[in-house]
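Asks: So that we are looking at the same thing, I have put the structure below in structure tokens.
Numbering (our numbering), first residue to last: 6 to 723.
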């Protein structure tokens, strides 16, 4: 019996808990082994037959249960199957922990990742064989006491003796079988065959044995096995036949049941193989998504950073310059807002194609996200070559993009950083290219700039923002906006995500993207995060009657603060909030970077009653076994997988895999960024029932959110 309902790993394949539960329902014992022959999985019936638990089976307990007289034979056959692929088929005895011995029949075959087989308890079959042997022996010595029908015929085949068991079997008196009467009880469909076989055996003095059906006085049809041998006189002439008729109805019923079970098992195995293939395909796709952008199929940020580091080392050893270009599209937001996401995607795809067509085969283009691309030039003859490439890129990108019968226009801002002149480390070189791009963007865009240390305007802006952050909490410049979370089935509001905004005295209302980097850099994110939690906790208490769960974003720097858990406990106590209605959100990247540290930091928070969610899930590649061990309640599917999921087969495969995975390890799942009714309908139909996005509402100030919430209650749903 599988005692832990978690996924089981078999090679590259993952057996989902739903499949394990299906195997537990099978009426026959099922076992799965790895390539080295060790046990990986057994089902409930296997444990019932052997008396061996799943854990004992994993520790070679199954070998210890083999009867000493059969152990060597069975082990040799099993490991030969595991190592050479020879089919495993054996009948042998097992000795259960309670001392009881049973006969079993095992059958297995090698698969791509190991071996799989079935185990049947055959005590009844062995007993039936033993009973038949006893009957034949008793016929020689104690015919009258035989449980089988003992009979004797003369040389002509006429019955001259029938044992008393005949009456019990057929309900007819023994006298009715004398002469040729025994043939009258044979089912008509079998009669001619049995008589033909009898005559053939009589003519050659060959032993007679066959299976056929008889009809008793009560009309009941029974399967019997008839057997006989010739008795010759001293001159070798046929004198008589002696034989027995044994009722094998139960054996036939068992055989039929076993056949049905075998068919059911085959169907289950086919289903298991299909699911293994689907999981393997989904895993391959997830691994690919860890390194490539979904829309353009370009390498993503993680690959970009690794490739730049490698190129810097190569340039350092080779003594030649190399360059990094940051490309940001001008006017893309206008296209996206006015023409829709389909038009925006068309622009991004065409730009990706044009960049690839412009650069050399040795150069690489990456998409970091949104409308931002990067290009790695691993070797340039001189620094000016990067400017030549940038000019070609600008010219190529500015050509109109034809879409939907019209033309779409964008331009680009290109920032350039060159090794070793601008920086001699990969991370610093990337920052320089990024800052150069912001400089040209600040100057109106549509051009390129080399990085210049003396006029790093973006860095200056960050310095100013860092200065302004000092005292922003005390000046009460931060506010929370709330975006509702919806149950897609009932369209009811079940919660909201609290999102921070900064009322900057000069720049107006700023979203987190404008200042979180500066807050992280200065360490003020801890102070700001503490304010967010306190404000959200008080708001949850105020909305307690609405039974809403509030999601709160938490920075990894907050978790690293040793006093964080104690401060959270104090805020819950002082606000009167229900901790079970507060959910802390952390990014997948941080959690999976150091799972052990994440587990240690998150468990005390979970012990306070708080819920834990992983945000932007799917943008990295999580180890599913590790994820199942973390104190996590919910995963939130990143919006890039939700966009147009109703018609994007890749998105569908990923969302389906994430849902199956979440259900398998008992996690909740929320889809982010729903913007269309088609996306909502597809997700709801495929088992994703919680979501948030602009289809329902943008993030709203608390007063507007409460008005919106009252309106939804009045209308009966979102």
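C-beta: ideal position from N, C-alpha, C; glycine also.
Near residue 298, what residues of its chain come up, given a Cβ to Cβ distance below 7 angstroms and the 5 sequence neighbours on each side ignored?
Replies: Closer than 7 angstroms at the Cβ level, and outside the excluded window around residue 298, lie 305 and 372.
Asks: Please list the terminal residues of the continuous alpha helix (DSSP H) segment that includes residue 587.
Replies: Where residue 587 is concerned, there is no enclosing alpha helix (DSSP H), although the beta strand (DSSP E) it sits in stretches over 587 to 592.
Asks: Give the DSSP-derived three-state secondary structure of residue 679 in the structure shown.
Replies: Coil, per DSSP.
Asks: Could you give the DSSP three-state label for residue 714: helix, strand or coil?
Replies: Residue state, collapsed to three classes: helix.
Asks: May I ask you to report which of helix, strand or coil DSSP gives residue 44?
Replies: The answer is strand: DSSP assigns residue 44 an E or B state.
Asks: In its own chain, which residues sit with a C-beta less than 8 angstroms from the C-beta of residue 459, not counting the 5 before and 5 after it?
Replies: Reliability of the predicted coordinates at residue 459 is poor, the pLDDT of 49 falling under 50, and no value is obtained from them.
Asks: Is there contact between the segment 283 to 296 and the segment 158 to 165, where contact requires at least three CB pairs shorter than 8 angstroms?
Replies: Segments in contact, no.
Asks: Can you pull the DSSP bridge partners for residue 455?
Replies: Answer is 421, bridged to residue 455.
Asks: Would you say the segment 308 to 316 touches the segment 373 to 388, given that touching needs at least three Cβ pairs under 8 angstroms?
Replies: Touching, yes.
Asks: Please name the residue or residues paired with residue 120 in a DSSP beta bridge.
Replies: Residue 120 is bridged to 38 and 115.
Asks: Quick check: what's the CA-CA separation for residue 218 versus residue 210?
Replies: Near 24 angstroms, if we compare the C-alpha coordinates of residue 210 and residue 218.
Asks: Within 10 angstroms of its Cβ, does residue 30 collect 16 or more other Cβ (buried), or is it exposed?
Replies: Residue 30 comes out exposed.
Asks: In angstroms with no decimal places, state the Cα-to-Cα distance between residue 192 and residue 231.
Replies: Approximately 14 angstroms, taken between the alpha carbons.
Asks: Restricting to Cα atoms, I'd like to know which of 400, 498 and 28 is closest to residue 278.
Replies: Among 400, 498 and 28, the Cα nearest to that of residue 278 belongs to 28.
Asks: Which residue spans inside the segment 557 to 621 form an unbroken alpha helix (DSSP H) run of at least 4?
Replies: Here the runs fully enclosed are 561 to 565, 569 to 580, 593 to 598 and 600 to 612.
Asks: DSSP three-state call for residue 512: helix, strand or coil?
Replies: If DSSP states are grouped into helix, strand and coil, residue 512 belongs with coil.
Asks: Taking the alpha-carbon positions, what's the residue 530 to residue 539 distance?
Replies: Cα to Cα, the separation comes out at about 14 angstroms.
Asks: Less than 7 angstroms separating the Cβ of residue 408 from some heavy atom of the ligand ATP?
Replies: As for the ligand ATP, it is missing from this structure, which has no ligand bound.
Asks: Might you give, ordered along the chain, the residues of its own chain that have their beta carbon closer than 7 angstroms to the beta carbon of residue 180, omitting 5 neighbours on each side?
Replies: Contacts found: none.
Asks: Look at the alpha carbon of residue 455 and the alpha carbon of residue 311, and state the distance between them as a whole number of angstroms.
Replies: Cα-Cα distance, rounded: 22 angstroms.
Asks: Measure how close the beta-carbons of residue 102 and residue 34 come, nearest whole angstrom, since I'm counting them as under 8 angstroms.
Replies: Wrong, their Cβ atoms sit about 16 angstroms apart, outside the cutoff.
Asks: If you count every other CB in all the chains shown that lies within 10 Å of the CB of residue 710, and 16 or more means buried, which is it?
Replies: Per the 10 Å Cβ criterion, buried.
Asks: Per DSSP, what kind of secondary structure is residue 426 in: helix, strand or coil?
Replies: Looking at residue 426 - three-state DSSP - the assignment turns out to be coil, as it is neither helix nor strand.
Asks: Mapping DSSP to helix, strand and coil, what is residue 8?
Replies: For residue 8, the pLDDT reaches just 45, beneath the cut-off of 50, and the residue's location in the model is therefore unreliable, leaving the point undetermined.
Asks: To the nearest angstrom, how far is it from the Cα of residue 154 to the Cα of residue 282?
Replies: The alpha-carbon atoms of residue 154 and residue 282 are separated by roughly 55 angstroms.
Asks: With burial defined as no fewer than 16 other Cβ atoms inside 10 Å of the residue's Cβ, what is the status of residue 349: buried or exposed?
Replies: Buried, because 16 or more other Cβ atoms sit within 10 Å of the Cβ of residue 349.
Asks: Let me make sure I understand the geometry here. Which of 245, 251 and 186 has the alpha-carbon closest to that of residue 215?
Replies: For the residues 245, 251 and 186, the minimum Cα distance to residue 215 belongs to 251.
Asks: On the three-state DSSP scale, how would you describe residue 304?
Replies: The answer is strand: DSSP assigns residue 304 an E or B state.
Asks: In or out: residue 119 buried (at least 16 other Cβ within 10 Å) or exposed?
Replies: Buried: at least 16 other Cβ atoms inside 10 Å.
Asks: Compare the beta carbon distance of residue 703 and residue 488 with 8 angstroms and say whether it is the shorter of the two.
Replies: Yes, Cβ-Cβ distance for residue 703 and residue 488 is below 8 angstroms.
Asks: Alpha carbon to alpha carbon, what distance is there between residue 272 and residue 588?
Replies: Computed Cα separation, rounded: 43 angstroms.
Asks: What is the DSSP secondary structure of residue 22, reduced to helix, strand or coil?
Replies: If DSSP states are grouped into helix, strand and coil, residue 22 belongs with the helices.
Asks: Just to confirm the assignment, what range does the beta strand (DSSP E) spanning residue 231 have?
Replies: Note, residue 231: beta strand (DSSP E), 226 to 237.
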